[in-house]
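Basically our numbering = 1-based index in the sequence shown + 199. One structure is given below, encoded as structure tokens.
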Amino acid sequence: MDNKTKRTNNKRFVRYPEGAEMYSMGITKFQELAKDAGACYKINRLVLVNLDILDAYLETFHIEDEDFYK
């Protein structure tokens, strides 16, 4: 694991472009998920996403093996 990955994994808040890269998705989809999760914090023109809240929200979409094949 390189230094950038280690540093990123310890962050609690990220901006949209960094979060989209971390989660391997486009910025628009990341923004949508963050907003739906209620994980966005707006400070003037800066928006930060709380990764703890986002991760908990994403877990609600977890597919059990038996559910996946139905």
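Virtual Cβ for every residue (Gly too), placed ideally from N, Cα, C.
When DSSP labels each residue in this structure, what does residue i get in the three-state scheme?
{"i": "F212", "result": "strand"}
{"i": "Y222", "result": "coil"}
{"i": "M200", "result": "With a pLDDT of only 43 at M200, under 50, the local geometry of the prediction cannot be trusted, and the value read off the model is given with reservation. Residue state, collapsed to three classes: coil."}
{"i": "I242", "result": "strand"}
Between the Cα of residue i and those of the options, spot the shortest distance and give me the residue it belongs to.
{"i": "Y215", "options": "I226, N243, N209", "result": "I226"}
{"i": "E220", "options": "G237, L250, N243, E258", "result": "L250"}
{"i": "Y256", "options": "F229, V246, D264", "result": "F229"}
{"i": "F212", "options": "E263, E258, I262, L253", "result": "L253"}
{"i": "Y222", "options": "V248, E263, D264", "result": "V248"}
What does the Cβ neighbour count give for residue i, buried or exposed, with the cut at 16 atoms within 10 Å?
{"i": "G237", "result": "exposed"}
{"i": "T233", "result": "Contrary to the premise, residue 233 reads as Ala rather than Thr in this sequence. Answer is buried; the Cβ neighbour count reaches 16."}
Is there at least one non-hydrogen atom of the ligand GDP closer than 6 Å to the beta-carbon of residue i?
{"i": "V248", "result": "In terms of ligand content, the structure shown is empty, and the ligand GDP therefore cannot be addressed."}
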